[in-house]
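Protein chains in written order, with numbering that gives the first Met the number 0: chain A, 0 to 489; chain B, 0 to 489. Beta carbons: idealized from backbone N, C-alpha and C, even for Gly. What you are looking at is a predicted structure, and each value in this text was computed from that prediction instead of being measured. Shown next, in structure tokens, is the structure this report addresses.
2 protein chains.
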Amino acid sequence: MRIPLDRQSDIPLYQQIKNHFREGILSGSFAPDTRLPASRKLAHDLGVNRITVETAYSELEADGLIYSRVGSGTYVLPPQTITSRPKDNLEAAWPLWQHNVQIGSFENDQFLKNDQHPDPIRFSGGSSAPQIFPTNDFRRVIQKVMRRDGMAALDYGESNGYAPLRATIAHVLASQGLQAQPENILITAGSQQALSLVSQILLKPGDTILVESPTYGGALDLFRALNFHVVGISMDTQGMQVENLEKLLQLHHPKLIYTIPNFHNPTGTCLVSSRRRELLVLADRYNVPILEDDFVGDLRYDGRTQPSLKALDPGGRVIYASTFSKMLMPGLRLGFLLIEGPVYENLVNFKRVNDLATSTLIQRALEAYVTVGRYQAHLRRSCQIFRKRRDGMVSAIKKFLPNDVEFDVPQGGLFIWLKLPGDLSSDDLLPLALKEGVDFVPGIRFFPDSSQGMSWMRLNFVVQPPEEIEKGIRRLSQVIDNLSDNKWTG
Amino acid sequence: MRIPLDRQSDIPLYQQIKNHFREGILSGSFAPDTRLPASRKLAHDLGVNRITVETAYSELEADGLIYSRVGSGTYVLPPQTITSRPKDNLEAAWPLWQHNVQIGSFENDQFLKNDQHPDPIRFSGGSSAPQIFPTNDFRRVIQKVMRRDGMAALDYGESNGYAPLRATIAHVLASQGLQAQPENILITAGSQQALSLVSQILLKPGDTILVESPTYGGALDLFRALNFHVVGISMDTQGMQVENLEKLLQLHHPKLIYTIPNFHNPTGTCLVSSRRRELLVLADRYNVPILEDDFVGDLRYDGRTQPSLKALDPGGRVIYASTFSKMLMPGLRLGFLLIEGPVYENLVNFKRVNDLATSTLIQRALEAYVTVGRYQAHLRRSCQIFRKRRDGMVSAIKKFLPNDVEFDVPQGGLFIWLKLPGDLSSDDLLPLALKEGVDFVPGIRFFPDSSQGMSWMRLNFVVQPPEEIEKGIRRLSQVIDNLSDNKWTG
């Protein structure tokens, strides 16, 4: 134990030792029944006389903070009254630098916690349905891997990722129509880290990034934190309005185009073919890289499949980001990038300085778990379940919400993007909805220009079974009615 | 399957489909025996006639790339000759932006891979001994946690970390003499991510960071990648020469002081008490935060324990980073920060935009595994083993290396920092050492000014048992002799 002692101080050493334990016990950092070090051991560690430690201990015991058991040692008593942590009252005394951070500011989400309502129904989630995660299968696989690999499963791995997992990912991508080589794949801590690494490699603070408006809120938060200038390009039911792209490229000289062409977050739209090709042509002409976020590109419930932008890339124009978090298990935090060209090496190095590598154990377990066949079986099953849930939400909306809400039926993905009637604001609606036990993400979270999006909300339709969805939408209809009534009467 | 089709192209659709598979098979992205989608299914997905797909398949079969099994499906054949990947020949055609990255450049390590020598002995590692990792215990704990928590173990967690693990860390820190509250702890992906988050919150590109010279190479890489101006402060056997600090603060106005006061990497020294207090006083006077990297502060083999800088902090002056990677299992990638004051919230938010959160499963497993008692038992055991290995390396060096090498015996930690005699360069030595099956980290990796450190090398003494250490040092003595001889004769 390393207790700070000041040998130049006027406070006697026994008193310093006593004060140290006293503070720790009262503040709770020593839990009740924690065993204190033997006095001889502590005296040796601190280079003090054993009497000094024993004096401190006996005063602590006299103060009712510790007790000894004969032949066993000295233990912490539960404190009678937990005093408030002393350091918390020093707000005014924080050093100045504490108030001078270099990252930009952004919103902080506040959604439904389980304890706010006895029976909460969450439509605010950003990922797939946890109930269909193959938890038991995965548990067995982890066992197998740890038995097979022993300490190698818990040692450092390569910065670009476990080679067999990179090969598996290449095969899964190929099965989905995207040809990839393992040496072009970089394993990341979820797709969020993928976006963070790519954007930091390509932009410096003050540089411009072009994004769809609306777009994924977590990307906006990231780009704002990194002090990028975020410019939005408008969307319609066919995705990004690429016909407006050239003038934005000329005006803003963005260093990167961030796009979600498949089952877009939050709108659920897919970019049509002709626009995909035009987007690639313009990006090439203006020498701007494209970061394609294909977070749920495979989750299609009807309609014709679309190749990813990356599949149309003649080479090194598009950086492709995807993840296992949405499809399989979010808590694994495992995503990947597909990158060609010299920038690959830069990304691997930047990954290395940021966190050395992603957890070896999780990578090995995922590699042992995922085969092309298993992935596709899980995909088919997910699509079946999610199609029903989408249909369930669509009919619940038609049945229970006012006739003048607007939305398109998405052909895949996770979200329905819904416009409230009149001048109803989803921001005003949220606190009322939380009280009724239902939530959603308000539209302003998704717009680069946060004065937009007040009428919109994003609803995740894959997390709940259809009957829960219906119940949730009915709750929502209730609060919309109440808010509308207040508008007219108040 | 999402195959890119160009309906405006002169190339017939069947040919486009055929080309897609052809490329994929030849490049290896479709593994042998992969099953191709049924023609009816693929035709539906792509919105083409079934005949179109069947024509493509029959031509692929004629080319010897696929085969059908009656009643079972169509499968990929092993390619006779793997052609080189076509995109690799386009180096010259990479878009310009590929060559224009925003991160600073830094060295890339090249150390002993297992395949370069039949019986390699590595002294280059940066972490503890994998052989003493409690792999089996940890495997059982993961099982228990996945059975207990089910899907919660695989879902998203809180950005600042799993609350019970933060409480456990607070108790472990208290048992080591550092009082901490769970709400001041932030779980990170190893201490590398801790350094990355803190330095990015406090510095922008071009700002100055003050580091010990020498210091941890991974930190230097990070700071260079982030385009910080890195200023070194010299060290002696008592750690950072704090008497030179004030003039550097006045001259360079650093935004952060990064320091490893305990069993410093690479030198193994500990900062003496009087300098610790002086460092805190100066940092406070000049309003500069201190980032204390306490990566192995507990691994003491002899001498009196020293409190961490953080234990001397009156509140919010020192940000403390540590890790379980060195002590327990590196591949877990689990570290933590202890932070007080407003900057805590900023760090949590910045963590969130960077990777949402660290793997829930690993956090829960570690929480179930680590108790104060278990941690201390593991620490005692590690110290016993490592003390012997340190003593083994010290006596091997004295026995086998030239009398005029210089080094201090470290009281703890992982490293011996060794100075070669005369004008021998550790950079020249490394390739020869690799050939003999031994490695180390050359000194220049650790200096902000890379013209320094040529005479030095860092040797990790904890990874090998004493007999291997002796063998490795004998190999090293061989190559030193050879190099010295060449100097004289060549």
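For A/E22, the nearest CB of chain B lies under 8 Å from its own CB, placing it at the interface with that chain. Taken through DSSP and simplified to helix, strand or coil, B/R332 comes out as coil. Per DSSP, B/I168 is one residue of the alpha helix (DSSP H) stretching across 162–174.
Listed as beta-bridge partners of A/T187 by DSSP are A/G334.
The alpha-carbon of A/L221 is positioned some 8 Å away from that of B/F349. Note: B/N459 is bridge-paired with B/F414 in the DSSP secondary-structure output. Within the model, the alpha-carbon separation for B/G296 versus B/R275 is close to 14 Å. Rounded to whole angstroms, B/G302 and B/T268 show a C-alpha spacing of 12 Å. Within the segment 155–182 of chain A, Y155, G156, A169, H170, L172, A173, S174, Q175, G176, L177, Q178, A179, Q180 place their CB atoms closer than 8 Å to a CB of chain B, listed in sequence order. Comparing alpha-carbon positions, the option among A/R146, A/A128, A/V140 lying closest to B/D136 turns out to be A/R146. At a cut-off of 8 Å, the C-beta of A/Q191 has a neighbouring C-beta in chain B. A Cβ-Cβ separation of about 48 Å leaves A/T73 out of contact with A/R121 under the 8 Å criterion. For the options B/F439, B/G442, B/Q451, B/L429, the alpha carbon positioned closest to that of B/L482 is the one of B/L429. Think of a sphere of 7 Å around the beta carbon of B/N345: the chain A residues whose beta carbon falls inside it are V100, I102, in chain order. With contacts defined by Cβ atoms closer than 8 Å, A/T359 and B/G330 form a contacting pair.
Around the Cβ of A/S381, a 10 Å sphere holds 16 or more other Cβ atoms; the residue is buried. For A/L298, the number of other beta carbons within 10 angstroms of its own is at least 16, and it is reported as buried. Looking from the CA of A/H263, the closest CA among A/G125, A/Y343, A/R363 belongs to A/G125. Sequence-ordered contacts of the segment 347–366 of chain A with chain B read N348, F349, R351, V352, N353, D354, L355, A356, T357, S358, T359, L360, I361 [C-beta pairs closer than 8 Å].
Every unbroken stretch of the alpha helix (DSSP H) spanning 4 or more residues and falling wholly within the segment 271–359 of chain B is given here in chain order: 272–284, 342–354. The residue from A/Q451, A/P181, A/R1 with its alpha-carbon nearest to that of A/H43 is A/R1.
Chain-order list of chain A residues neighbouring B/A310: R1, I2, P3, H19, by C-beta distance under 9 Å. A/N159 is classed as buried because its beta carbon has at least 16 other beta carbons within 10 Å across all chains shown. Residue environment: A/V408 is assigned as exposed (fewer than 16 neighbouring CB atoms within 10 Å of its CB, all protein chains considered). Assignment of A/T73 by DSSP, reduced to helix, strand and coil, places it in the strand class. Here A/N183 is buried. Its C-beta has 16 or more other C-beta atoms within 10 Å. Annotation for A/E53: S38 place their beta carbon closer than 7 Å to its own, counting only its chain and skipping 5 residues before and after. The beta-carbon of A/R303 is placed less than 8 Å from the nearest beta-carbon of chain B. Look at the beta carbons and you see the segment 284–295 of chain A not touching the segment 430–449 of chain A: under three pairs across the two are nearer than 8 Å. Of all residues in the segment 271–292 of chain B, the ones placed with a Cβ closer than 9 Å to any Cβ belonging to chain A are S272, S273, R275, R276, A282, D283, N286, V287, P288, in chain order.
Here A/I468 has G391, M392, A395 as same chain residues with Cβ atoms under 6 Å from its own Cβ, once five neighbours each way along the sequence are excluded. For B/T258, the secondary structure class from DSSP, reduced to helix, strand or coil, is strand. B/L194 carries a helical assignment under DSSP once its states are collapsed to helix, strand and coil. Residues of the segment 219–247 of chain B whose Cβ lies closer than 9 Å to any Cβ of chain A, in chain order: D220, L221, F222, R223, A224, L225, N226.
Note on geometry: alpha-carbon atoms of A/A364 and A/V144 lie some 6 Å from one another. If you ignore the 5 residues before and after A/G103, its C-beta comes within less than 6 Å of the C-beta of R223, A224, N226, all in its own chain and listed in chain order.
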